[in-house]
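Structure, as structure tokens:
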Amino acid sequence: MEKGKVLYVNGNEAVVEGAIAAGCRFYAGYPITPSSEIAEEMSKRLPAVGGMYVQGEDELASINMIVGASMAGAKAMTATSGPGYSLMQEGLGLAIATETPIVIVDVMRAGPSTGIASKAWQGDIMQARFGSHSDYEIISLYASSVQEAFDLTVEAFNLAETYMTPVILLSDGVLARMRERLYVRGQNELSIVNRKKPTESPESYMPYKRGEDYIPIIANFGEGYFVLRDSLTHDERGYYYERPDVQAKFVLGLTEKIRRNAGKIYRWEEAYTDDAEVLFVASGVMGRIASVMVREARAEGKKWGIFRPISIWPFPEDALRRAARNASKVITIEMSVGKLIYPVKWSLRDGQDVSVLPWLSYEPPSPDDLLNLLEVKA
Amino acid sequence: MMEITLQHPLERYIRSEKMPTTWCPGCGIGTIVQSFLKAVDELGLDPKDLVMISGIGCTGRVPHYLRFDGAHVLHGRAIPVALGVKLANPKLKVVVWGGDGDIASIGGNHLIHAARRNADLTVIMVNNFIYGLTGGQVAPTTPKETVTYTSPYNPDSKPFDMVKLVAAAGATYVARWSTAYPVLLKESIKKALNHKGFSFIEVISQCPEIFGRINGFREPYDLYLKIKKIGQIRRGISPFDAKYDWNEEISLGEFVNREEPTYLEQLEEIKRKARGEKA
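Line by line, the protein sequences are chains S and E. Residues 1 to 378 in the working numbering are what the first sequence lists, from first letter to last. Residues 379 to 657 in the working numbering are what the second sequence lists, from first letter to last.
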């Protein structure tokens, strides 16, 4: 049994450690800055633990390979950045429709389009939620430290296997390169989730039948259940029918399995929110810097609070509402013109003052830089 | 009175509850599927060990009707899904079904890379010269002398000869047949299923409802006869001497059949290196 160990690594390397600890044994990806280091590490590490690394001919191939590997029972992942993540949207839709657990890491970089390859941005928050077409719900986690990159990678696999869904793990160009202490938890310190297996006979088994928790139990290929995984609208048997009731049940199944379980998926961190008159909301790299800014402001007597959503999707709406109950102002701090501000607005009551403090440099600010920007804004 | 139940000898491989199929009367896909199921039956393969993967198109519907594990995935992406399945569970025999639009056009990049890798897959590409499911648009396989609804003045450029393309990309088994030779096709499928590495079979097939209708073939039989006439079996010729000519000849036969390390074998070799073991 693998014991815990201390490493000094960056966010990309922490993702690799987390994936291997979670049981990931199949990786397919296409090189793209600033995520390529994940692929490089995987190509070295996976074969040594009995896994497989494939460099796909493009991002389309890569995401479809991990979908296939997962259908055959493997825990599989890919990593990319904005331009590659855009290409993966159709494969993401396939994983959603066929309810195939995979993990996609998006190390966000400056954009749109090719943008600046090696520099961070927080522009993919909405794409993580709405990037693929039509109706679905998604789980997306955003790490802000090297330790969290490890822990959330393990969580991402656990959530994918639990809810039979793709999970988007967000990182950014700062976290990718930032080195700090990582405690790699030993196998006895981790709880690892593996997807459920059917117990019925193949004759009565229906792969897309939902129980009370709304999550289907889908047999892997090769287990004798003769399952059909269809990208077309399908019924409980997995069979395509062009009928309004089948379509309605199909999209409700995909959305309700996340909505009904959202309470178990929400993750966030908050500080000084009990009496906060100004509540800052920030995630990832900006969440971390904003936390320091708020702590220092508290020392000077300012009644500020900080709320850092970790599960960006589903967004922890109730928790934010509670944290903002005494706030006359809610301000998101983002390395973009404003993305997080949308779910924040959706969560809060009408008329509450919500605005964004956009940090439009790819170089991360110091807490003082943020204070200066706030004064300019005020 | 004795009750007599009649069952087709291949019915155990069919999801009968999904019948009837969406395929038009006179379509060639049924003939090809029958050749495939006979091949599976004669090889005595356990249905549990077979997986059918397909993209979008008329041929993409094949997994719907076959009682094996299967996935009907995105347009063009059947090959990478199939490769993922195979690598995650190497004991499975993974078969990709696709039309010429799915495999040769939108999925073309995946096809050549699967051939280059010698991926342990069998690809059956049904070539009916046209996009059938979407109603009759030009394909990269449409002969210059024919028309479609998006090439009413003939195609703007010459077609791919998939035998040459896939052979040049490094495939270790390449064959082309037509619906006029279901027995030879069955024998070829048996070889492909037992082939180590990447096997590719193109099957020239009639689409009477759309391609035939647009091009003046009044009956399915007329188009079938045309395909039968131009399909010439050639033995022992290089894939690069094969012809793909609507007026003269579409060469049929087995063009490549050789052994090379497969993709799985190469990945196993990498595992040994990573663990510091000797080959």
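For each residue, glycine too, the CB sits at the ideal point set by N, CA and C.
Beta-carbon separation (whole angstroms), residue i vs residue j, contact threshold 8 Å
| i | j | result |
| --- | --- | --- |
| N220 (chain S) | G73 (chain S) | 4 Å |
| G477 (chain E) | G408 (chain E) | Actually they do not touch by this definition, with Cβ atoms about 14 Å apart. |
| S62 (chain S) | V107 (chain S) | The Cβ separation is near 14 Å, so there is no contact. |
| I410 (chain E) | V581 (chain E) | 5 Å |
| K574 (chain E) | A417 (chain E) | Contact doesn't hold; Cβ gap of about 17 Å is too wide. |
| F157 (chain S) | C24 (chain S) | 6 Å |
| P207 (chain S) | V227 (chain S) | 5 Å |
| G29 (chain S) | G51 (chain S) | Rounded, the Cβ-Cβ distance is 13 Å, inconsistent with contact. |
| S311 (chain S) | L141 (chain S) | 6 Å |
Residues that residue i bridges to, as DSSP identifies them
| i | result |
| --- | --- |
| N635 (chain E) | E:Y551 |
| D106 (chain S) | S:T80, S:L170 |
| I38 (chain S) | BP columns for I38 (chain S) are empty, so no partner. |
| L182 (chain S) | S:L7 |
| I392 (chain E) | E:L444 |
| I382 (chain E) | None; I382 (chain E) has no bridge partner. |
| A120 (chain S) | S:R109 |
| F26 (chain S) | S:M52, S:A76 |
| W313 (chain S) | S:S140 |
| D498 (chain E) | Looking at the DSSP assignment, D498 (chain E) forms no beta bridge with any residue, so it has no partner. |
| K471 (chain E) | E:L428 |
| P617 (chain E) | None, per the DSSP bridge assignment. |
CA-to-CA distance, residue j to residue i, given in whole angstroms
| i | j | result |
| --- | --- | --- |
| R636 (chain E) | M430 (chain E) | 24 Å |
| P458 (chain E) | K564 (chain E) | 25 Å |
| D318 (chain S) | K264 (chain S) | 13 Å |
| T199 (chain S) | E161 (chain S) | 17 Å |
| V146 (chain S) | Q122 (chain S) | 17 Å |
| F495 (chain E) | Y53 (chain S) | A small correction: the amino acid at residue 495 (chain E) is Arg; Phe does not occupy that position in the sequence shown. Whole-angstrom Cα-Cα distance: 13 Å. |
| I38 (chain S) | V16 (chain S) | 6 Å |
| N64 (chain S) | Y239 (chain S) | 21 Å |
| A69 (chain S) | F26 (chain S) | 7 Å |
| P47 (chain S) | K302 (chain S) | 53 Å |
| I116 (chain S) | V154 (chain S) | 29 Å |
| A466 (chain E) | G222 (chain S) | 11 Å |
| T640 (chain E) | D498 (chain E) | 6 Å |
| S413 (chain E) | K44 (chain S) | 43 Å |
| K632 (chain E) | W555 (chain E) | The sequence shown places Glu at residue 632 (chain E), not Lys. In a straight line, the C-alpha of E632 (chain E) is about 8 Å away from that of W555 (chain E). |
| G287 (chain S) | S328 (chain S) | 20 Å |
| L415 (chain E) | L388 (chain E) | 7 Å |
| T550 (chain E) | Y509 (chain E) | 28 Å |
| A323 (chain S) | I289 (chain S) | 19 Å |
| K604 (chain E) | T512 (chain E) | 24 Å |
| T526 (chain E) | A95 (chain S) | 34 Å |
Assigned exposure category for residue i - 16 Cβ within 10 Å defines buried
| i | result |
| --- | --- |
| S113 (chain S) | exposed |
| G11 (chain S) | buried |
| L384 (chain E) | exposed |
| A76 (chain S) | buried |
| M42 (chain S) | buried |
| S204 (chain S) | exposed |
| Q644 (chain E) | exposed |
| S366 (chain S) | exposed |
| F578 (chain E) | buried |
| V469 (chain E) | Looking at the sequence provided, one finds Lys at residue 469 (chain E) rather than Val. So K469 (chain E) ends up on the exposed side. |
| V473 (chain E) | buried |
| R596 (chain E) | exposed |
| T400 (chain E) | exposed |
| P330 (chain E) | It is not possible to answer for residue 330 (chain E), since the shown part of chain E is limited to 379 through 657. |
| D619 (chain E) | exposed |
| L232 (chain S) | buried |
| V337 (chain S) | exposed |
Does the pairing of the region 100 to 108 of chain S with the region 154 to 169 of chain S give three or more beta-carbon distances under 8 Å?
yes
When the Cβ atoms of the region 481 to 497 of chain E are set against those of the region 537 to 553 of chain E, are three or more pairs found closer than 8 Å?
yes
Would you check if there are 3 or more beta carbon pairs closer than 8 Å linking the region 78 to 86 of chain S to the region 203 to 217 of chain S?
no
Should the region 527 to 540 of chain E be called in touch with the region 452 to 467 of chain E, which here means at least 3 C-beta pairs below 8 Å?
no
The region 315 to 329 of chain S contacting the region 265 to 280 of chain S, beta-carbon criterion three pairs below 8 Å:
yes
Contact between the region 335 to 349 of chain S and the region 288 to 298 of chain S (3+ Cβ pairs under 8 Å):
no
Does the region 554 to 561 of chain E touch the region 514 to 527 of chain E, meaning 3 or more C-beta pairs lie closer than 8 Å?
no
Within 8 Å, do at least three Cβ pairs link the region 445 to 452 of chain E to the region 616 to 626 of chain E?
no
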